[in-house]
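One structure is given here, and the rest of the page talks about it.
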Amino acid sequence: MTVMVDIRSVHKSFGPLDVLKGIDLAVRAGEVTVILGPSGSGKSTLLRTINHLEKVDRGAISVDGTLVGYRRLGDRLYELPEREVLRQRTRIGFVFQNFNLFPHLTVLDNIIEAPVSALKRPRKEAVETARRLLDRVGLSDKADAYPKQLSGGQQQRVAIARALALEPRLLLFDEPTSALDPELVGEVLDVIKDLAHQGTTMIVVTHEIGFAREVADTVVFMDDGRIVEQGPPADVLDRPAHDRTRAFLSKVL
Ligand code: ADP
Ligand code: MG
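In case it helps, the UniProt record's numbering puts the sequence shown at residues 1 to 253.
In structure tokens:
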């Protein structure tokens, strides 16, 4: 299977704080990778490096065969101009913990904003796509609502539809259900599961172990800026090889 995301010895520090201490990870096309790990272990930073929201200090990341944020000339890397970084980013969907919808735009306008302004899609075509996506996340009746009129679960489903509107080759989720009331978690996980079954390549940071067990092809456990272990859910979740993984799982299960 082809590799969609190829992360090679990535290091990242914030001042004196080493947050990523040499991350190697390959995510195959069509697969779901779930990243687990304690708070502060570097999960969000790792996701953010994949679309160059954070620059790596060392190492390199490729998505779909293209180096992220840099161009290689000979044996040197040159950072891409902002315009090209933005263009690369349009092909990677990012869903955040706090939805990050535009509060002053309706649901429909939230979804068509990037296709129309970044991809220059005709408005009519973008609206048709948006309505189809709203149907897919079960919100066809909310096109004209504003974010604050929706529940957290509904807002997060809009955020997923908005990410899908760019037809990304990769979807990144950073704790997509952590800000939700418990009774709203299921509706969002169901949408993500549905995408997984349709073969969308995804990296999901979450503490939802049941979701990981059911949906992940690979579970990655991170601690203190490193990948401690990775493998199929049946191995990492049920027969973890490392004490740190066991200690973490005993707290979240
Ligand atoms: P996680 O998502 O696993 O909780 P993060 O990647 O958010 O971890 O953070 C890892 C560490 O990096 C934490 O100690 C955090 O405080 C620090 N950190 C994250 N972003 C920044 C930043 N922009 N500036 C300084 N420190 C940061
Ligand atoms: Mg985080």
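Positions of the beta carbon are idealized from the N, C-alpha and C atoms, including for glycine.
So, with DSSP's three-state summary, where would you put residue i?
i	result
L25	strand
F14	strand
R121	coil
A234	helix
P6	The residue you asked about is not Pro; residue 6 is Asp in the sequence shown. Note: D6 maps to strand in three-state DSSP.
T177	coil
V19	strand
L66	For the record, residue 66 in the displayed sequence is Thr; it is not Leu. Correct three-state label for T66: strand.
T49	helix
residue 281	For residue 281 there is no data in the structure shown, the boundaries of the chain being 1 and 253.
V137	coil
T129	helix
A145	coil
In terms of residue numbering, what span does the alpha helix (DSSP H) encompassing residue i cover?
i	result
D223	Looking at the DSSP string, D223 is not in any alpha helix (DSSP H); the run it does join, the beta strand (DSSP E), is T218 to D223.
L184	P182 to H197
A161	G152 to L164
L86	E82 to R89
R213	I209 to V215
The beta strand (DSSP E) that contains residue i, what's its start and end?
i	result
D75	From DSSP, D75 is part of no beta strand (DSSP E); its letter is neither H nor E.
Q230	R226 to G231
V95	I92 to V95
D174	L170 to D174
T33	V32 to L36
S62	R58 to V63
V204	M202 to V205
Quick one: residues in its chain with C-beta nearer than 7 Å to the C-beta of residue i, no 5 flanking neighbours on either side, listed in chain order?
i	result
R213	P233 and L237
A196	V32, M202 and V215
H101	A small fix is needed here, since residue 101 is Leu in this sequence, not His. Only N110, P147, Q155, V158 and A159 meet the Cβ criterion.
Sorted by chain position, which residues of the same chain lie with C-beta nearer than 6 Å to residue i's C-beta, five sequence neighbours on each side aside?
i	result
A241	E229
R169	D64 and R91
L77	Y70
L189	F211
A118	T90
Does any C-beta atom of chain D lie closer than 8 Å to the C-beta of residue i?
i	result
G59	The chain labelled as chain D is not found in the depicted structure, where only one protein chain is given.
Within the same chain, show all residues whose beta-carbon is closer than 8 Å to that of residue i, passing over the 5 residues directly before and after it, in chain order.
i	result
T66	Q88
T106	A143, D144, A145 and Y146
E208	T177, V185 and L189
Q. Listed by chain order, which residues have C-beta atoms less than 5 Å from any heavy atom of ligand 1?
A. F14, V19, S39, G40, S41, G42, K43, S44 and T45
Q. Do the stretch 149-163 and the stretch 177-187 make contact, defined as three or more Cβ pairs closer than 8 Å?
A. yes
Q: Could you tell me whether the stretch 53-62 touches the stretch 119-134, where touching means 3 or more Cβ pairs closer than 8 Å?
A: no
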